[in-house]
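Visitor: Can you read through this structure? Questions will come right after.
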Amino acid sequence: MKVVLSNDRGGYRLKEAAVALLKEQGHEVIDLGTHDPEEFLSYTDAGIAVAKAIQSGEAQRGLLFCGTGMGVSQTANKFKGVYAAVVESVFAARQCRLINNCNVMCAGGYILGEYMAREMVDAFINTEHTQGFEPERAAYLKGQFARLQEIEGENMK
């Protein structure tokens, strides 16, 4: 899978941990973030870079890291076709894929350590929408995602 990542200074450690994990798992990594913990990149620019890569189809999933995950999430969610969630646990990382079909995971370097971030990235990357659900539940969730896309179409022209 192609995965695009970016970060600001607050998310540098988590982005580096995520890149290492993704490469270990054999994913293609597009690293658009900082390459030095002191290098400046705004959370908005990080969010824009990943959102555009997802929106264009250059990557199937995105990972964004800043101090809290909130700034990059707000930015990424301004792009049609980008569904970014701030997560702070493995459970939430899995659920945002399983239930909500999010294609971008956002997390905060001021909140999480590298080990937890790796576990969360693993859950996010390796979970599919409605994976393991009975057909009725899967159909319902797919319908909800379709409704979300309708709402998006009505409000993001």
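In case it helps, the numbering used here puts the sequence shown at residues 11 to 167.
All residues carry an ideal CB built from backbone N, CA and C; glycine is no exception.
Which word fits residue 87, buried or exposed, when buried means at least 16 other C-beta atoms lie within 10 angstroms of its C-beta?
Guide: Buried is the call here.
Visitor: Taking the continuous alpha helix (DSSP H) assigned at residue 161, which residues delimit it?
Guide: Per DSSP, residue 161 belongs to the alpha helix (DSSP H) from 145–165.
Visitor: What span of residues does the beta strand (DSSP E) with residue 76 cover, start to end?
Guide: Run containing residue 76: 71–76, per the beta strand (DSSP E) assignment.
Visitor: Between which two residues does the alpha helix (DSSP H) holding residue 108 run?
Guide: Here the alpha helix (DSSP H) through residue 108 covers 100–108.
Visitor: Determine whether the beta carbon atoms of residue 17 and residue 43 lie at a separation below 7 Å.
Guide: Their beta carbons are under 7 Å apart, which means residue 17 touches residue 43 by this criterion.
Visitor: Going by C-alpha distance, which of 47, 75, 109 is nearest residue 158?
Guide: Nearest of 47, 75, 109 to residue 158, Cα basis: 109.
Visitor: DSSP beta-bridge partners for residue 118?
Guide: Answer is 76.
Visitor: Is the Cβ-Cβ distance between residue 100 and residue 117 less than 7 Å?
Guide: Cβ distance not < 7 Å, so residue 100 and residue 117 don't count as in contact.
Visitor: Distance check for residue 136 and residue 147, CA to CA, integer angstroms please.
Guide: Cα to Cα, the separation comes out at about 20 Å.
Visitor: One question on the structure: do residue 14 and residue 91 come within less than 7 Å of each other, judged by their Cβ atoms?
Guide: Not closer than 7 Å, so no.
Visitor: Would you kindly work out how many angstroms separate the C-alpha atoms of residue 64 and residue 50, rounded to a whole number?
Guide: Cα-Cα distance, rounded: 23 Å.
Visitor: In terms of alpha-carbon separation, which member of 139, 138, 127 lies closest to residue 77?
Guide: Closest by alpha carbon: 127.
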